[in-house]
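Numbering (the working numbering), first residue to last: 16 to 297.
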């Protein structure tokens, strides 16, 4: 298969509409249709069921969509990392670390300071991103390493080391009637009539169904909570970020959150190995 064919197929599979996919790719619809038919003939499999009204993925198409996204990410990652290595000349290129803005607020500065003190340390660029975006940045090569949070982020196909596990709290407006409680259950939190839980972005950029606000950044979320428009269940370390108008109440039955450092399994970077060693030592 060619990367061009994969790009064409992924666009159609995501749009489920040949016209929209063609506009997204900047090509005419007839050559797009021909390319998909040629790909199906080469694979000996029907990837899309189409009629005059709709386009749907077959079981084989769903597999190729998943694998095709990963393959395109790998190609993009190889290009980006090669260019960065070339720009570094004979020296070791610096590292790009992706992390959610506002997350790991205690761990991250300790990690950066400890690594910088190592004799063979290289420069580390911190790429602050929205909720759920750091995994994508790592997979497509815009980052060399990332701090991910289980069970919310996927680590499939990545190498990881666990760094810290913590319980969760619910963040409420300071004046809310439940803010003085010593703890709450997940059922209590989910049944709050006046404070809906936020809707986080999925990997494909869409949001989960529900009545809560769409949220991408912690700063946006905390402002909504302070205004009495939402509540949120977050790792306990978020306490360091709370303003006086917000209160964190433990939620003992919420799943624990584990922060991991993750990187591509094929990486042979000595600098990355040094950063991982520092993180696990901390």
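Just so you know, even glycine gets a beta-carbon here, dropped at the ideal spot from N, CA and C.
query = Where do the ends of the beta strand (DSSP E) carrying residue 277 lie?
reply = 272–278
query = Would you call residue 262 buried or exposed, if buried means 16 or more other Cβ atoms sit within 10 Å of its Cβ?
reply = buried
query = Would the beta-carbon of residue 165 fall within 8 Å of that of residue 248?
reply = Cβ atoms of residue 165 and residue 248: not closer than 8 Å.
Contact set for residue 40: own chain, Cβ-Cβ below 6 Å, skip 5 residues either direction = 26
ask   = Whole-angstrom Cβ separation of residue 214 and residue 145, contact assumed at under 8 Å?
value = Going by Cβ atoms, the distance from residue 214 to residue 145 rounds to 13 Å, so no, they are not a contact pair.
request  = Starting from residue 115, follow its DSSP beta bridges and name the residues at the other end.
outcome  = 144
task = Taking residue 291 and residue 176 to be in contact with their CB atoms under 8 Å, please state how far apart those CB atoms are, rounded to whole angstroms.
result = Sure, about 6 Å apart at Cβ, within 8 Å.
ask   = Thinking just about the alpha-carbon of each residue, which of 42, 30 and 32 is nearest to the one in residue 19?
value = 42
Unbroken beta strand (DSSP E) run spanning residue 174, endpoints = Looking at the DSSP string, the run of the beta strand (DSSP E) that includes residue 174 is 174–181.
ask   = With distances taken from CA atoms, which of 296, 281, 16 and 37 is nearest residue 160?
value = With distances taken between Cα atoms, residue 160 lies closest to 281.
query = Roughly how many angstroms lie between the CA atoms of residue 157 and residue 163, to the nearest whole one?
reply = 15 Å
request  = Compute the Euclidean distance between the alpha carbons of residue 279 and residue 191, then round it to the nearest angstrom.
outcome  = 44 Å
request  = Within the same chain, show all residues whose beta-carbon is closer than 7 Å to that of residue 120, passing over the 5 residues directly before and after it, in chain order.
outcome  = 252, 255 and 256
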